[in-house]
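Residue numbers (our numbering): 887 to 1280.
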């Protein structure tokens, strides 16, 4: 999620991008055959901007566009890295992105913590056709409010009647919820294929003094009827239009992380869900930076560990590969992907590289997508495809 959870300077992060194969439909009589999807290049440059740091990426493979979230700026490029449009004026925190092939739009996490409001931002990529389009007035941007997240973020866990605000140094915030970050489309957990759902991962505050914040929390939504909820976001009067509850709420035991799942991605090649996180701080855990949900195992009901009162929920299972920490029972890897992760669904991924560059008197945030292949090896499960690209120096 989070803008303060990394050291600025030149940061390199692997971005998972999988190249999904898109079939060619048989042309009808007299109709020209559809144009094949552009071949995903080894890298796509997202440019350098006066903005927040890179948060996430999304790929429209059929039309050949990449979308980059820079916290308060969305940039659209072609696959040669040429900017073709941008949306400015996000005063909240725009995080991870994913592309919905069902409706051709880009979905992203959007936080307005001061207003105790959390949204899914929905952007009409076809209408993003010029630079510096205003989020508030251009009509390319709508939002859906997530009540479940607000309820957990604002929960008064110590019963003192006071909301302690945007801080991890408190017993408040159920499950340590700090908002949302990772988003991805994929099937219901434990299923292969079927109706695609939007999965939204909580941000989780780092706090080594409490025991109820050791799970990643994920919500799943069927978005097919979300147009009824969609509203423009007026900053002076944030709306609360959205579903009253998710279609599923799930828990994955990983140990506490710093701001939860930064980037979430479903990989159709393996049927697994991949999560890139900032490391946690609890000495009882290995504090891995990358976790994989085992897509072959269905969710099961069980105790949500560490809660103040006994609580049960739908639990997910870690893929039993990579590094293994026997005392906590957790598996994971040391990997990048926290600034962008995209699966091509054939064993390849785009991983994001992010950093700062000096442009005259200005320091700008840069980002690019670089192709890797999944090896599953420990400690690092990705291998770069092609030559190393020189990083610009600040």
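The C-beta atom is built at its ideal place from N, Cα and C for all residues, glycine as well.
(1) My assumption, with CB atoms under 8 Å, is that residue 1220 sits in contact with residue 1156. Please give the rounded CB distance.
(2) Residue 955 and residue 1011 - do their beta-carbons sit closer together than 8 Å?
(3) Starting from residue 1167, follow its DSSP beta bridges and name the residues at the other end.
(4) Three or more C-beta pairs under 8 Å: does that hold for the region 1135-1149 against the region 1062-1076?
(5) What distance in whole Å lies between the Cβ atoms of residue 1234 and residue 1257, which are believed to be in contact at a cut-off of 8 Å?
(6) Out of curiosity, what's the CA-to-CA distance linking residue 1037 and residue 1243?
(7) Looking at C-alpha atoms only, which residue of 1030, 1089, 1212, 1120 is the closest neighbour of residue 1109?
(8) Among 1027, 1264, 1237, 1247, which has the Cα closest to the Cα of residue 1270?
(9) Pick from 1200, 1205, 1114: whose alpha carbon is nearest that of residue 1106?
(10) Tell me the residue span of the alpha helix (DSSP H) that contains residue 1061.
(11) Do the CB positions of residue 973 and residue 952 come within less than 8 Å of each other?
(12) Ordered along the chain, which non-local residues of its own chain (more than five positions away) have a Cβ less than 7 Å from that of residue 1130?
(13) With residue 1037 as the anchor, note down where its alpha helix (DSSP H) starts and where it stops.
(14) Give, in chain order, every unbroken run of the beta strand (DSSP E) that is at least 3 residues long and sits entirely within the region 961-1040.
(15) Would residue 1095 be called buried (16 or more neighbouring beta carbons within 10 Å of its own) or exposed?
(16) Out of 942, 1133, 1141, point me to the one whose CA is closest to residue 1222's CA.
(17) Count Cβ pairs between the region 1116-1134 and the region 1018-1029 that sit closer than 8 Å; are there 3 or more?
(18) In its own chain, which residues sit with a C-beta less than 8 Å from the C-beta of residue 1165, not counting the 5 before and 5 after it?
(19) Excluding the five sequence neighbours on either side, which residues of its own chain have a C-beta within less than 7 Å of the C-beta of residue 984, listed in chain order?
(20) Under a three-way DSSP split, which group does residue 1184 fall into?
(21) Might you give, ordered along the chain, the residues of its own chain that have their beta carbon closer than 7 Å to the beta carbon of residue 1265, omitting 5 neighbours on each side?
(22) Excluding the 5 residues flanking residue 1003 on each side, which residues of the same chain have their C-beta closer than 6 Å to its C-beta?
(23) Residue 1269 by DSSP, collapsed to three states: which one?
(24) Measuring alpha carbon to alpha carbon, tell me which of 976, 1059, 1057 ends up nearest residue 1024.
(25) Residue 1064 and residue 1079: beta carbons closer than 8 Å?
(26) Where do the ends of the beta strand (DSSP E) carrying residue 929 lie?
(27) Residues in the same chain with beta-carbon distance under 8 Å from residue 1116, minus the five sequence neighbours each way, listed in chain order, please.
(28) Going by other Cβ atoms of all chains shown within 10 Å of its Cβ, with 16 needed for buried, is residue 1017 buried or exposed?
(29) Measuring straight from C-alpha to C-alpha, what distance separates residue 998 and residue 1183?
(30) Leaving out five residues on either side along the sequence, give the residues of the same chain with a beta carbon under 8 Å from the beta carbon of residue 1022.
(31) Counting C-beta neighbours from all protein chains within 10 Å, is the total for residue 1216 16 or more, i.e. buried, or is it exposed?
Let's see:
(1) Rounded, the Cβ-Cβ distance is 19 Å, inconsistent with contact.
(2) no
(3) According to DSSP, which records beta bridges pairwise, residue 1167 is partnered with nothing at all.
(4) yes
(5) 6 Å
(6) 39 Å
(7) 1030
(8) 1237
(9) 1200
(10) Here residue 1061 belongs to no alpha helix (DSSP H), and DSSP marks it neither H nor E.
(11) no
(12) 1033
(13) 1033-1039
(14) 969-974, 979-986, 991-998, 1003-1009, 1027-1031
(15) exposed
(16) 942
(17) yes
(18) 1143, 1144, 1173, 1174, 1175
(19) 944, 993, 1069, 1070, 1071
(20) coil
(21) 1209, 1219, 1220
(22) 1124
(23) strand
(24) 976
(25) no
(26) 929-935
(27) 1008, 1028, 1029, 1030, 1127
(28) exposed
(29) 35 Å
(30) 975, 1118, 1119, 1120, 1121
(31) buried
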